[in-house]
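Protein chains in written order, with this note's numbering: chain P, 365 to 898; chain A, 19 to 203.
Read the structure below first, then the notes.
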Amino acid sequence: MIHITIDNRPLELRDDERLNCIEAARRVGIEIPHYCWHPGLSVVASCRMCLIEYGMTNQATGQVEMMPKLVPACQTPAVDGSVVVTNSVKVARARAMVEEGLLLDHPIDCPICDKAGECLLQDYHFQYGQDERRADVRPFTSRRRDIGDVTLFVDRCILCSRCVRFVREVSGTSELYVSGRGAHEEIDVVEGFPLANNLSGNVVDLCPVGALGDKDFLYKQRVWYLKRHAAVCTGCSAGCSIWIEENHDRIYRLKPRENLAVNRWWICNEGRYGYPHVHNPERLLLPRRREGDTVTTPDWTKLPRELGERLRGAGRMAAVLSPFLTVEEAFLLCQYARSIDPEAVLVLGPVPVVGEDEVFPGGFTIRAEKCPNRRGVEEVLLASSGGLRTLESLLDELDRLPFGAIWVAGGYRQPWIDEPTAQRLARADVLVVQDLFPSPLSELATYALPSAAFAEREGSYVNYADQLQTAARGVRPPAGVRTEGSLLWELLSRERMYRASSVLEDVARAIGYFAPAAKGVGPTGIDLRANLLA
Amino acid sequence: MKPNDPDIRWVKEPPMGPTGKTYLSLFLGGFTTTLKHLVSKKKTIPFPDRHYECPDPLIYRGVHRLNRDDQGRVKCVACFLCSTACPAYCIDIVAAESPWPDREKYPESFTIDELRCIYCGMCEEACPVDAIELTSLFDLSGKSREEMIFDKEKLLAVYDMTKDAEPRRTAGRPPTPPRDTGGPS
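Right, dumping it as structure tokens:
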């Protein structure tokens, strides 16, 4: 056991825990302010904001011997016998001086700075800074420089070098460097080599001040209007934890959510800037019924009953489940198909794969498989039908034996089906298609139903490594769109509202693979492999 | 609380004297006030033939205006502090990168719903650049709701209309251009 004292509060750590003083203080609920330290990056101890008084207990005498000077907490390991003082006058004065020093060179253009509201410089100044500014420095407009994927406000920078360390250690692309010396230090890129890599958006999150601006988000919204919802990125099979930040049902940005089991602190640009399809006006936004050549818009309130009658009267049924469905929706769809036709054929829709996995030196991987839930849907299908079949095998069977009804749950972000395949599926008497965007298949469908985008539905996804995570609903779907889950819930004539968490409990009871989810899923998800090993 | 609660202390009205019973003293007191006003200078203004003269137009909270800077451009920097402070949620701003080299951000659109506004003056208090101010115009009327939603041009026009009678309360510094730090850039 490691015994530490922080502000007279005792803390015990396991012998194998190697924490610095910032992390150790967090355990007892004391926040040590810091700019340059980040758990995912190397330690430089350059900002001096985390200075603390540090001492060591002499094991022989029991006396505490304090170091004469303040030490940076980020660089000081919390070893056995450490004594940390963060609430002394000396520490408070050091923090105030660091704040004053940083603000000497700062433009203080908070009113037009996108970071205002979530800026560490603001927060720490409010908490630890002095009331008055002694230097006679007037606010000025920051110089701005385009450095590639993001925009740099040169004078707002406090030279914490987090971004520089990120591009060296995590993305491994090393575009950014610190030019100049002393007061002339600036973040810069070499001419002709702009910041351009698939993780570049993370430097904006890392920046503790408003120096690095997201070009996509710049001036769109003030951060204090945004509401955040814990969700899962559905861009690839890595299933990164994200925050959906929205205001009035419009997504303004996606941010990584710390999850050491999946994405650590980062997300890729593909996921970060992959949300605009949610607000794409070309989406299917109303249900459509096609009878011969006449197309009508059915009423959502009457549609479930009508669908049930049509499907029940059609005969043999097949369902195509896309890997974009949540576990709960896949489970309900399998149940529904089986309730109509106990012999229903259940198949996995096409799994989009683009290129190859992109692995970064820091360990971050962008998966080639561009769907969030292949593993989850596979396991639901395995449990429901005893075997895993693909769309190809369904098409082969379709050539031999006619099907009465086919339900295709799509939800793909990209075009996914070609005209000939759609024609073959359309041979069924009743073809129900749920999809995000119009496709050859939705044009031929008897019922083309709009599908909810990832941010509009709640549910669980299982990533490539069998990590199950739940996502909350970020925004409400547009009027005229019903989420797959709530529609299936009504089709199954279940009572009350559709709630993904209660369906997941049913899934966990019914399918052994999902059994660990029965006890609830935390914010970082649960590893389903642990169950398989047991 | 019940009437027999021990915390309630019941007080009896004092009995009226002979003067009180005749109401004479009270009648005389009240009628004196009436007579005083009958002969004093009349305060009623025959609006709209005559307009109310605001004793201090600088502190009156009437229709908003958007001030212009020295070059005639909108002074607002689209920081959203007014719409954040607004208790009636009547200010809607769309920010954009400014088309001018010496300014970073400006309001692409700036609308105030004058019908929704409660004229509390929080917006002008919140403004860091003294761009939004309340004028002494109080007789605001319109024929439709749409007409009462003031956009940027209309708010700037209010400034042009009132700038001579009601100068800006603070001169306001123009934003300092980027500093030359002397180092390599």
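We treat Cβ as the ideally placed atom computed from N, Cα and C, and that holds for glycine.
*Quick one: residues in its chain with C-beta nearer than 7 Å to the C-beta of N85/A, no 5 flanking neighbours on either side, listed in chain order?*
K93, D148, A149, E151, Y177, R186
*asked:* With a threshold of 7 Å between beta-carbons, can P117/A be considered close to chain P, or not?
replied: It does not; no Cβ of chain P falls within 7 Å.
*Identify the contact partners of L155/A in chain P, using a Cβ-Cβ distance below 7 Å as the criterion.*
For L155/A, no chain P residue has a C-beta closer than 7 Å to its own C-beta; the minimum C-beta separation is roughly 27 Å.
*Anyone know if the C-beta pair for A678/P and D760/P falls short of 7 Å?*
no
*Kindly give me the distance between the Cβ atoms of L484/P and V573/P, rounded to whole angstroms, as I take these residues to be in contact under 8 Å.*
7 Å
*How would you list, in chain order, the residues of chain A whose beta-carbon sits under 7 Å from the beta-carbon of R614/P?*
Near R614/P there are no residues of chain A at all, since even the closest Cβ is about 13 Å away, more than 7 Å.
*asked:* Does A456/P come out as helix, strand or coil in the three-state DSSP assignment?
replied: helix
*asked:* To the nearest angstrom, how far is the alpha carbon of Y776/P from that of R647/P?
replied: 11 Å
*asked:* Determine, for P640/P, whether the minimum Cβ-Cβ distance to residues of chain A falls below 7 Å.
replied: no
_chain P contact residues for V9/A, given Cβ-Cβ distances below 9 Å_ = No answer is possible for residue 9/A: it lies beyond the span of chain A, which begins at 19 and ends at 203.
*Beta-carbon of R586/P versus every beta-carbon of chain A: anything under 7 Å?*
True, the Cβ-Cβ gap to chain A drops below 7 Å.
_Limits of the beta strand (DSSP E) - the one that R390/P falls within_ = Where R390/P is concerned, there is no enclosing beta strand (DSSP E), although the alpha helix (DSSP H) it sits in stretches over 385-391.
*Exposed or buried, what is V718/P when buried is set at 16 or more other beta-carbons lying within 10 Å of its beta-carbon?*
exposed
*In three-state terms, what does DSSP make of N633/P?*
Residue state, collapsed to three classes: helix.
*Do the region 513-521 of chain P and the region 455-471 of chain P make contact, defined as three or more Cβ pairs closer than 8 Å?*
Because the criterion of three Cβ pairs below 8 Å is met, the region 513-521 of chain P and the region 455-471 of chain P touch.
_Within-7 Å CB hit, C104/A to chain C_ = The structure shown contains no chain C; the protein chains it does contain are P and A.
_Beta-carbon gap between A458/P and C438/P smaller than 7 Å_ = Not closer than 7 Å, so no.
*Using a Cβ cut-off of 8 Å, pull out every chain A residue sitting near P475/P, in sequence order please.*
V95, C97, L99, P146, V147
*Do R930/P and G565/P have their C-beta atoms closer together than 7 Å?*
Because chain P spans 365 through 898 in this model, residue 930/P falls outside it and cannot be assessed.
*If we ignore side chains and look at the alpha-carbon of each, how far apart do Y137/A and V81/A end up?*
Distance from the CA of Y137/A to the CA of V81/A, rounded to the nearest whole angstrom, comes to 8 Å.
*Hey, how far is the Cα of H55/A from the Cα of E71/A?*
21 Å
*asked:* Just verifying my parser: in three-state terms, what is the DSSP assignment at P620/P?
replied: strand
*What are the start and end residues of the alpha helix (DSSP H) that includes K172/A?*
Counting along the chain, the alpha helix (DSSP H) containing K172/A begins and ends at 170-180.
*asked:* Here's a check: name, in chain order, each residue in its chain whose Cβ is nearer than 7 Å to the Cβ of A106/A, leaving out the five neighbours to either side.
replied: R134, C135, I136
*Examine chain A for any beta-carbon lying closer than 7 Å to the beta-carbon of Y310/P, and answer yes or no.*
Shown here, chain P extends from 365 to 898; a query on residue 310/P therefore has no answer.
*Provide the residue span of the beta strand (DSSP E) that contains H593/P, from first to last.*
591-596
*Does any C-beta atom of chain P lie closer than 7 Å to the C-beta of K123/A?*
yes
_Nearest-angstrom beta carbon gap, A836/P and A595/P [assumed within contact, 8 Å]_ = 6 Å
_chain P contact for A183/A (CB, 7 Å cutoff)_ = no
*Drop a sphere of 10 angstroms on the beta-carbon of T40/A, count the other beta-carbons inside from all chains shown, and report buried for 16 or more, exposed for fewer.*
Burial state of T40/A is exposed, judged by a 10 Å Cβ sphere holding fewer than 16 other Cβ atoms.
*Check each candidate in L383/P, Y541/P, R378/P, R391/P and name the one with the smallest Cα separation from D371/P.*
Measuring from the Cα of D371/P, the nearest candidate turns out to be R391/P.
*Go ahead and pull the three-state DSSP assignment for A602/P.*
The answer is coil: DSSP assigns A602/P none of H, G, I, E or B.
*Is the shortest distance between the beta-carbon of A175/A and the beta-carbons of chain P less than 7 Å?*
no
*Taking Cβ positions, are D830/P and L892/P nearer each other than 7 Å?*
yes
*Using CA coordinates, which residue listed in T52/A, R121/A, G38/A, V29/A is at the minimum distance from Q89/A?*
R121/A
*Could you tell me whether the Cβ atoms of E549/P and V542/P are closer together than 7 Å?*
yes
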